[in-house]
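Chemist: Quick one: the structure is below, questions incoming.
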Amino acid sequence: MRKHFCKLFLIVVFLGVPFKSICQSNIDQIIGTWVFNYESSIELMDTKAKNHYAKMGAARQEKVKQAYRNRKITFEENGNFIQEFEDGRIVTGTWLINKNKGIEITSPKGSVMGFKIKELTVNVLQISRIKTADNRMNMLIENWYLARD
């Protein structure tokens, strides 16, 4: 019995180490400033969103473009989050990697937005919006393609 307990203990310990190192690796790669790539993000839209976007007309499409284009998103090592819009507005909050290896961004008022990490390299961060019980807001552009600044 003791032998089985020791084996189980070792398995649990060794399984925990890779998860922790994967999370730490993700955190290390995410830290820094990223720029929203509007064109690539539009390409990632699903068919329904693309059809809706096409029906919006040029004026509304331009407003969407202005709202997203060149957005800068900074994930700081201390857990702070800064989003800078092209028009100079700044939104702050905190961020973390959750147990599902996704990104959770919390506003100063406590609203949480979740993102699934779809791709993470040294130069590319592709995330997709996850609707939660807290925040069911629909976004036209749910898949964000970000390039390292």
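When we follow this note's numbering, the leftmost residue of the sequence shown carries the number 1085, and every step to the right adds one.
The C-beta atom is built at its ideal place from N, Cα and C for all residues, glycine as well.
Treat the numbers as computed from the prediction; the structure is a model and nothing was measured.
(1) With a threshold of 6 Å on Cβ separation, who are the neighbours of isoleucine 1189 within its own chain once the five nearest residues in sequence on each side are excluded?
(2) Could you compute how far the alpha carbon of leucine 1224 sits from the alpha carbon of glutamine 1210?
(3) Assuming contact is defined by CB atoms lying nearer than 8 Å, are glycine 1186 and lysine 1202 in contact in what I supplied?
(4) In the DSSP output, what is glutamine 1210 paired with across the bridge?
(5) Jot down the residue ranges of each uninterrupted alpha helix (DSSP H) in the region 1134–1167, minimum 4 residues, whole runs only, in chain order.
(6) Going by CA-CA distance only, name the one from Lys1132, Arg1232, Arg1144, Phe1159 that's closest to valine 1175.
(7) Should valine 1206 and arginine 1232 be called a contact, given that it needs their Cβ atoms to be closer than 8 Å?
(8) Assuming contact is defined by CB atoms lying nearer than 8 Å, are isoleucine 1126 and isoleucine 1181 in contact in what I supplied?
Modeler: Taking the definition as stated:
(1) Taken in chain order, the residues that qualify are Phe1165, Gly1177, Trp1179, Met1197.
(2) The C-alpha of glutamine 1210 is placed about 16 Å away from the C-alpha of leucine 1224.
(3) Contact flag unset, no.
(4) Glutamine 1210 is bridged to Glu1203, Tyr1229.
(5) You should have 1142–1152.
(6) Out of Lys1132, Arg1232, Arg1144, Phe1159, Phe1159 has the C-alpha closest to the C-alpha of valine 1175.
(7) One thing to note: valine 1206 has its Cβ within 8 Å of the Cβ of arginine 1232.
(8) No, these two residues do not count as a Cβ contact at 8 Å.
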